[in-house]
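Numbering (our numbering), first residue to last: 665 to 1073.
First up is the structure itself, then whatever we jot down about it.
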């Protein structure tokens, strides 16, 4: 890259040599630690003691916003606009409508997918706005390193959000089975151990992904890697991300194996595909600099389609599905009411009404099973008791009304 204007060369060679400064053809003056622009209006002065006056950093935003920055702005704005919708769905689905909270089905379990999605919202917005400086900076520096760290954090957060969404679906299916038959499963069986280990395995590999791809010295990587192809540490981290992605599929298989749900919610496979696109993109950019978001000269279309679009896609799918989804407590209550109605109907079809005398000498309707040899379930016995109470209460109220009418006359 050549300087966009005439290079300023009027420096004291002795001072430059003493403090290790060198003037380059791109119009920069650097000693390996500090870098200053030295062309056109940029003319730093180096004193005899090495102090630099009127110096402008090489990462100065010299250029205008181009396509990369414009796409980043759109990406950031869309992420911000979707935040209120995610907050509404969190309140809708994360509110408790039952009086008691069961230990195995904590309220926090429904909310984790939204908490992670909020992290994705914030990281996406920050990365989008940071891409503006990548377009504008004369020499890439802090802007590119910060962008690399923030953008790399999006993949672990996205995987965690999709994982929690899938895990909660499995937990909800378990709760439906438990509400219908509390004694169906034991607490210390192999199923319980699987549910305990799977989140641990997922988050271990997710943390390794974060550790190897995010928690690193980005400045050194950019200095030594002029082609912007990431190193072996990044490639190893992406492999752990692939394992985390496979764990999401394993969670779906475990849910089907133990609870036999009627169908798979459509948001899970759609978000799973979006997460697959992000993992594939992370693997691809490890070998191709032309699509890498860490390369300022990379294809803007590739970065937008493979880097930004899957993230927005996951946000939209999760929120659209949540718009039509009922709160878990309301679904459980609805299914419970339907079971009670069905049980009451079965019991009432198998009983007859006889008049029996009560302790006061009056008569009351009592429900007697027509099939005494049949073994009734606990739910049927409870419904039978409720039916007796309703019949007895109605007859008692009628006797009181009749007595009141006679007394009044």
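For each residue, glycine too, the CB sits at the ideal point set by N, CA and C.
- Going by Cα to Cα distance, which pick from 990, 704, 678 and 980 is closest to residue 744? The count along the chain shown starts at 1 and reaches residue 744 at position 80. Residue 980 is the option with its Cα nearest to residue 744.
- Among 897, 867 and 774, which one has its Cα closest to the Cα of residue 877? Residue numbering aside, residue 877 sits at position 213 when the chain shown is read from its first letter. Closest in alpha carbon position to residue 877, among 897, 867 and 774, is 897.
- Can you tell me which of the three DSSP states residue 725 falls into? Within the chain shown, residue 725 is the residue found at index 61, counting from 1. Correct three-state label for residue 725: strand.
- Task: Indicate the three-state DSSP secondary structure (helix, strand or coil) for residue 686 in the structure shown.
- Result: Working through the chain shown from its first residue, we reach residue 686 at position 22. Here residue 686 sits in strand by DSSP.
- Query: Which residues share a DSSP beta bridge with residue 907?
  - Reply: Along the chain shown, read from residue 1 onward, the residue named residue 907 stands at position 243. Beta-bridge annotation (DSSP): residue 907 is not paired with any residue.
- Specify, as a first and last residue, the run of the beta strand (DSSP E) that residue 693 falls within. Along the chain shown, one-based indexing puts residue 693 at 29. Where residue 693 is concerned, the enclosing beta strand (DSSP E) stretches over 692-694.
- Message: Between 971, 763 and 831, which has its C-alpha nearest residue 915's C-alpha?
- Response: Numbered from 1 along the chain shown, position 251 holds the residue referred to as residue 915. Relative to the Cα of residue 915, the nearest Cα in the group 971, 763 and 831 belongs to 831.
- Closest residue to residue 903 among 991, 963 and 940 (Cα-Cα distance): Taking the first residue of the chain shown as position 1, residue 903 is located at position 239. Comparing Cα positions, the closest option is 940.
- Where does residue 717 fall in DSSP's three states? For the purposes of this step, residue 717 is taken as the residue at position 53 of the chain shown. DSSP, read as helix, strand or coil, puts residue 717 in strand.
- Query: Do you know offhand how far residue 976's Cα is from residue 792's?
  - Reply: To locate residue 976, count along the chain shown from 1; it is residue 312. To locate residue 792, count along the chain shown from 1; it is residue 128. Approximately 12 Å between the Cα atoms of the pair.
- Query: Between which two residues does the beta strand (DSSP E) containing residue 700 stretch?
  - Reply: Against the chain shown, residue 700 aligns to sequence position 36. Unbroken beta strand (DSSP E) run through residue 700: 699-701.
- Message: Give me the residue from 779, 909 and 841 with the minimum Cα distance to residue 933.
- Response: Position 269 of the chain shown, counting from 1, holds the residue named residue 933. The residue among 779, 909 and 841 with its C-alpha nearest the C-alpha of residue 933 is 909.
- Taking residue 731 as part of the alpha helix (DSSP H), name the residues at either end of that continuous run. As a working note, residue 731 is residue 67 in the chain shown. Where residue 731 is concerned, the enclosing alpha helix (DSSP H) starts and stops at 731-745.
- Query: Can you tell me the Cα-Cα spacing of residue 901 and residue 873, whole angstroms?
  - Reply: Residue 901 sits at position 237 when you count from the first residue of the chain shown. Residue 873 sits at position 209 when you count from the first residue of the chain shown. Rounded to whole angstroms, the gap between the alpha carbons of residue 901 and residue 873 is 4 Å.
- Item | residue 798 in three-state terms, based on DSSP | As a first step, residue 798 must be located in the chain shown, where it is residue number 134. If DSSP states are grouped into helix, strand and coil, residue 798 belongs with the helices.
- Message: Which residue marks the beginning of the alpha helix (DSSP H) containing residue 940, and which one marks its end?
- Response: If you number the chain shown from 1, residue 940 lands on position 276. Unbroken alpha helix (DSSP H) run through residue 940: 931-948.
- Item | Under the three-state DSSP convention, the category residue 869 falls into | For the purposes of this step, residue 869 is taken as residue 205 along the chain shown, with counting starting at 1. Three-state DSSP puts residue 869 in a helix.
- Should residue 864 go down as buried or exposed, given a rule of 16 or more other Cβ atoms within 10 Å for buried? The count along the chain shown starts at 1 and reaches residue 864 at position 200. Answer is exposed; the Cβ neighbour count stays below 16.
- Check residue 709 in the structure and name its three-state DSSP category. As a first step, residue 709 must be located in the chain shown, where it is residue number 45. Residue state for residue 709 is assigned as strand, using DSSP reduced to three classes.
- Mind checking who residue 671 pairs with in its DSSP beta bridge? Translated into positions along the chain shown, residue 671 becomes position 7. Beta bridge pairing from DSSP links residue 671 with 703.
- Message: Check whether the segment 814-828 and the segment 739-756 are in contact - that is, three or more C-beta pairs closer than 8 Å.
- Response: In short, these stretches do not touch, since the Cβ pair count stays below three.
- Message: Please state whether the Cβ-Cβ distance between residue 785 and residue 994 is less than 8 Å.
- Response: Stepping through the chain shown from its first residue, residue 785 is reached at position 121. Stepping through the chain shown from its first residue, residue 994 is reached at position 330. No, the Cβ-Cβ distance between residue 785 and residue 994 is not below 8 Å.
- Check whether the segment 670-685 touches the segment 700-717, taking contact to mean three or more Cβ pairs, one atom from each stretch, closer than 8 Å. Taking a cut-off of 8 Å for Cβ pairs, the segment 670-685 and the segment 700-717 touch, as three or more such pairs fall below it.
- Task: Check each candidate in 735, 732, 684 and 726 and name the one with the smallest Cα separation from residue 716.
- Result: The count along the chain shown starts at 1 and reaches residue 716 at position 52. Of 735, 732, 684 and 726, the residue nearest in Cα terms is 684.
- Task: For my contact list, residue 667 and residue 703 are in at a C-beta cut-off of 8 Å; report their separation, rounded to the angstrom.
- Result: Here residue 667 is taken as the residue at index 3 of the chain shown, counted from 1. Here residue 703 is taken as the residue at index 39 of the chain shown, counted from 1. Between residue 667 and residue 703 a beta carbon distance of about 4 Å is seen, short of the 8 Å cut, so the two are scored as contacting.
- Query: For the segment 805-861, which segments carrying the alpha helix (DSSP H) assignment without a break, of at least 4 residues, lie completely within its bounds, in sequence order?
  - Reply: Within the segment 805-861, the runs of alpha helix (DSSP H) at least 4 residues long that lie entirely inside it are, in chain order, 806-844.
- Item | Residue range of the alpha helix (DSSP H) that includes residue 984 | Within the chain shown, numbered from 1, the residue matching residue 984 stands at position 320. Looking at the DSSP string, the run of the alpha helix (DSSP H) that includes residue 984 is 973-988.
- Task: Can you tell me which of 856, 861, 805 and 848 puts its alpha carbon nearest to the alpha carbon of residue 884?
- Result: On the chain shown, position 220 is the one that residue 884 refers to. For residue 884, the nearest C-alpha among the options comes from 805.
- Message: So for residue 997, helix, strand or coil by DSSP?
- Response: Here residue 997 corresponds to residue number 333 of the chain shown, with the count starting at 1. Three-state result, residue 997: helix.
- Message: Within 10 Å of its beta-carbon, does residue 839 have 16 or more other beta-carbons around it, so buried, or fewer, so exposed?
- Response: As a position in the chain shown, residue 839 is number 175, starting the count at 1. With 16 or more Cβ atoms within 10 Å of its Cβ, residue 839 is classed as buried.
- Leaving out five residues on either side along the sequence, give the residues of the same chain with a beta carbon under 6 Å from the beta carbon of residue 643. This structure gives no information on residue 643, because the portion of the chain shown stretches from 665 to 1073.
- Query: Which residues in the same chain have their Cβ closer than 7 Å to the Cβ of residue 701, if we skip the five residues on either side of it in sequence?
  - Reply: Locating residue 701 in the chain shown gives position 37, where the first residue counts as 1. These residues qualify, in order along the chain: 691, 692, 720, 722, 724 and 802.
- Task: Run the CB neighbour count on residue 1074, radius 10 Å, all protein chains shown included, and call it buried at 16 or more, exposed below.
- Result: Not covered by the structure: residue 1074. The range shown for the chain is 665 to 1073.
- Query: Under 8 Å, do residue 992 and residue 774 count as touching if we go by C-beta distance?
  - Reply: Taking the chain shown and counting its residues from 1, the one referred to as residue 992 is at position 328. Taking the chain shown and counting its residues from 1, the one referred to as residue 774 is at position 110. For residue 992 and residue 774, yes; Cβs fall inside 8 Å.
- Query: How big is the Cα-Cα spacing for residue 879 and residue 811?
  - Reply: As a working mapping, residue 879 is identified with position 215 in the chain shown. As a working mapping, residue 811 is identified with position 147 in the chain shown. A direct Cα-to-Cα measurement between residue 879 and residue 811 gives close to 13 Å.
- Same chain, Cβ closer than 8 Å to residue 688, neighbours up to 5 away in sequence not counted: Mapped onto the chain shown, residue 688 falls at position 24. Excluding positions up to five away in sequence, the list reads 694.
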